[in-house]
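Right, one structure below, let's go through it.
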Amino acid sequence: MNMIRLLLTFLCLASLSAMEEGLKIRIPQAEQTVRVSIEEEANIRAEDRLQPLAKIKENTLAAALPDTGKDYVWIPGWDLTGTGSLRVADASAVLDGSVAAFLETVGKRAGAQGGRVVLLDVLRKRIAGCFTVGRKLSALRLGNTLEYAVAFAEAQPVLKQPSGFVVLDLKEGKERAFHRAEKPMSFAVAGASLFFADAKGSVRMLNLEDGNSKTLFRAPGPLLRTSPDGTAVVAAAEDAFYRIDAASGEVASKEPRKERFRIGELVCTKADGTGFLFSTLPDTNGKCRLFLHVEEKQREIAADSAGRFVWQENGPNLFVMRVIKGRVFRLDPESLKDYSSCEPKSLRPATLGTVRWLFSGGDPCELVAMDSLGSVYTLKSVGKRWRKTLIVDAGRR
Numbered sequence: 123m124n125m126i127r128l129l130l131t132f133l134c135l136a137s138l139s140a141m142e143e144g145l146k147i148r149i150p151q152a153e154q155t156v157r158v159s160i161e162e163e164a165n166i167r168a169e170d171r172l173q174p175l176a177k178i179k180e181n182t183l184a185a186a187l188p189d190t191g192k193d194y195v196w197i198p199g200w201d202l203t204g205t206g207s208l209r210v211a212d213a214s215a216v217l218d219g220s221v222a223a224f225l226e227t228v229g230k231r232a233g234a235q236g237g238r239v240v241l242l243d244v245l246r247k248r249i250a251g252c253f254t255v256g257r258k259l260s261a262l263r264l265g266n267t268l269e270y271a272v273a274f275a276e277a278q279p280v281l282k283q284p285s286g287f288v289v290l291d292l293k294e295g296k297e298r299a300f301h302r303a304e305k306p307m308s309f310a311v312a313g314a315s316l317f318f319a320d321a322k323g324s325v326r327m328l329n330l331e332d333g334n335s336k337t338l339f340r341a342p343g344p345l346l347r348t349s350p351d352g353t354a355v356v357a358a359a360e361d362a363f364y365r366i367d368a369a370s371g372e373v374a375s376k377e378p379r380k381e382r383f384r385i386g387e388l389v390c391t392k393a394d395g396t397g398f399l400f401s402t403l404p405d406t407n408g409k410c411r412l413f414l415h416v417e418e419k420q421r422e423i424a425a426d427s428a429g430r431f432v433w434q435e436n437g438p439n440l441f442v443m444r445v446i447k448g449r450v451f452r453l454d455p456e457s458l459k460d461y462s463s464c465e466p467k468s469l470r471p472a473t474l475g476t477v478r479w480l481f482s483g484g485d486p487c488e489l490v491a492m493d494s495l496g497s498v499y500t501l502k503s504v505g506k507r508w509r510k511t512l513i514v515d516a517g518r519r
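Under our numbering, the first residue of the sequence shown carries the number 123, and numbering increases by one thereafter.
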C-alpha cells in the first residue's frame, strides 16, 4: 500500500514539473541580456599620507575638498592604437582656480567605456582624489561650487545609454543627476545652473536642482564661458557678444560684432564678464588670432597664438602660449608686449610633451599645465626666469 502511495506521489510531482517547464518563456540567445562591464586600468593608486596637509585659505574651494588621508599617484592612461594618444578627454578648473579636474577615459576602445574624474588641489600641488562614472564622458565644465560640475556623456549602444548631461558632485565623488540631451556646441556652469547651446544655436538654461529648462535666445555658433565671480555667462557668437545674467537668464547686454569669424576660446578679464580675451579657431597652420575686448573696444594681441592663454587678476598678469615651439609668454598687461618666455618641456625637470591645457596656478605669476603625454606641472615666472615643478610624471610614452 505504501509503495502505491509513493508511486502516485512521484507521478504527480513529475506531472507538475513538466507543466511548469512548459510554462517557462524561452528567450532566444540573440535577445538575452548580457552584462557588460567597464574595465579600468590600474594607473592610479592611493597611499597613506604620512604628513598633514599644508594649510591654505579657508575661503577657497580647495579647502572644501574632503580629506581622505591618502596621497594619490596617477599616470594618465595611454591609448596604444596607431601612434598612441592620451586618454584624457578634457580638463577644467573651478572659477576661483583652486581646484582643477581631468577627465580620463577608462574601458576598452571598442567596448564599454566610462569616465574617471581626477581632482587636482592646485594650491597644494597634489592629486586630491578620483572617482569613476559609468558613462562615456567627453567634456567637462566646473563652476563656482563643488556640488555642481557637469560633464557631457556620449551615447553608448552597448550599455543602452543615451547621450546627455551628467551632473557631478565633486565633494561626494558621484553622479547626482542625468539630463538627456544631444551633443551641444558649447556649455558652461554657473552655480546650480547649466547654460548650453544646441546644434541649432539655441542658448538654453537648465536648473540642475529641479531639471526645469528654458530657451534664452538663438545665435550663430555661440561659445559660452562663465565670468570669474559666477554672476554672468558670456556668449561669444558670430553676430554679437551676449552677457547673460546667471541668476535670471536675461540678456544683460549685447554688443554686435564687425568680424563674423568663429571664436575658439574666451577668458574673462573682469569679474563681471564685461572684459575678456578671445581667440579665433586655428588656421591651417594651427595659429589663432588673439584679441582683448573691453567696453566695446577691441585690440589684437597676437596672430600666432596656440589658443591657450591665462589672465590673472591679482597682478594683473597675462600669459599666452604661441605655436612656435609651444613657448609660453608673459606679457606686460599695459603695453601687451612680451616680458619673458619659456619653452615648458625644456625647463628642468625636462618633459617631452606639448602643453595641452593651461590654468592659473595657486600663486601670482604661476601656471598649471598638462602636456600631450600626460605630465602635469607648474610654471612660475620670477622676473625674467621661469621655474618648473612636476606634479604628475607621465614619463616617456
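From the three backbone atoms N, C-alpha and C, an ideal C-beta is built for every residue, glycine too.
Proximity winner among the options, relative to residue i (alpha-carbon distances)
| i | options | result |
| --- | --- | --- |
| Tyr-393 | Ser-370, Gln-434, Leu-412 and Ala-164 | It should be noted that the sequence gives Ala, not Tyr, for residue 393. With distances taken between Cα atoms, Ala-393 lies closest to Gln-434. |
| Val-498 | Gly-484, Cys-487 and Leu-480 | Leu-480 |
| Ala-369 | Ala-341, Ser-315 and Gly-237 | Ser-315 |
| Ile-160 | Ala-319, Asp-405 and Ala-234 | Ala-234 |
| Ala-374 | Ser-482, Phe-383 and Gly-395 | Gly-395 |
| Gly-437 | Arg-449, Asp-485, Cys-390 and Ser-427 | Asp-485 |
| Asp-320 | Glu-162, Leu-338, Asp-332 and Glu-331 | Leu-338 |
| Val-244 | Phe-431, Asp-454 and Lys-179 | Lys-179 |
| Val-477 | Lys-459, Val-450, Lys-502 and Pro-455 | Val-450 |
| Leu-399 | Gly-408, Thr-254 and Lys-419 | Lys-419 |
| Phe-363 | Gly-429, Thr-353, Gly-397 and Thr-182 | Gly-397 |
Residue i, DSSP secondary structure in three states
| i | result |
| --- | --- |
| Ile-378 | Reading the sequence as shown, one finds Pro at residue 378 and not Ile. Correct three-state label for Pro-378: strand. |
| Lys-467 | helix |
| Ala-186 | helix |
| Lys-296 | strand |
| Ser-447 | The question names Ser, but residue 447 is Lys in the sequence shown. Note: Lys-447 maps to helix in three-state DSSP. |
| Leu-281 | helix |
| Glu-435 | coil |
| Tyr-194 | strand |
| Cys-578 | Residue coverage of the chain in this structure runs from 123 to 519, which leaves residue 578 outside it and unanswerable. |
| Cys-390 | strand |
| Gly-371 | coil |
| Ala-303 | coil |
| Tyr-270 | coil |
| Asp-361 | coil |
| Arg-171 | coil |
For residue j and residue i, the rounded distance between their alpha carbons
| i | j | result |
| --- | --- | --- |
| Gly-256 | Leu-290 | 12 Å |
| Ala-168 | Arg-246 | 17 Å |
| Trp-171 | Arg-509 | It should be pointed out that residue 171 corresponds to Arg in this sequence rather than to Trp. Those two C-alpha atoms are separated by around 26 Å. |
| Gly-199 | Val-490 | 19 Å |
| Lys-296 | Lys-258 | 15 Å |
| Val-156 | Val-280 | Confidence in Val-156 is poor, its pLDDT being 45 and thus under 50, which makes the residue's placement unreliable; the coordinate value appears in the next sentence. Using only the alpha carbons, I get a separation of about 10 Å. |
| Pro-150 | Ala-211 | Here the model assigns Pro-150 a pLDDT of 49, short of 50, so the residue's position is not dependable, and the following value carries that caveat. Going from the Cα of Pro-150 to the Cα of Ala-211 covers about 39 Å. |
| Val-288 | Ser-457 | 43 Å |
| Arg-231 | Glu-276 | 14 Å |
Buried versus exposed, by CB contacts within 10 Å (16 or more), residue i
| i | result |
| --- | --- |
| Leu-222 | Before going on, a small fix: residue 222 reads as Ala here, not Leu. It counts as buried. |
| Val-416 | exposed |
| Ser-214 | buried |
| Gly-204 | exposed |
| Phe-174 | Residue identity differs from the one stated: residue 174 is Pro in this sequence, not Phe. Looking at its Cβ environment, which holds fewer than 16 other Cβ atoms inside 10 Å, Pro-174 is exposed. |
| Glu-153 | With a pLDDT of only 42 at Glu-153, under 50, the local geometry of the prediction cannot be trusted, and no value is derived from it. |
| Asp-405 | exposed |
| Arg-518 | exposed |
Pair within 8 Å by beta-carbon distance, residue i and residue j
| i | j | result |
| --- | --- | --- |
| Ile-506 | Ser-462 | Strictly speaking, residue 506 in this sequence is Lys, with Ile absent from that position. For Lys-506 and Ser-462, yes; Cβs fall inside 8 Å. |
| Thr-348 | Ala-310 | yes |
| Asn-266 | Gly-219 | no |
| Ile-197 | Ala-472 | no |
| Val-356 | Leu-388 | yes |
| Glu-226 | Arg-209 | yes |
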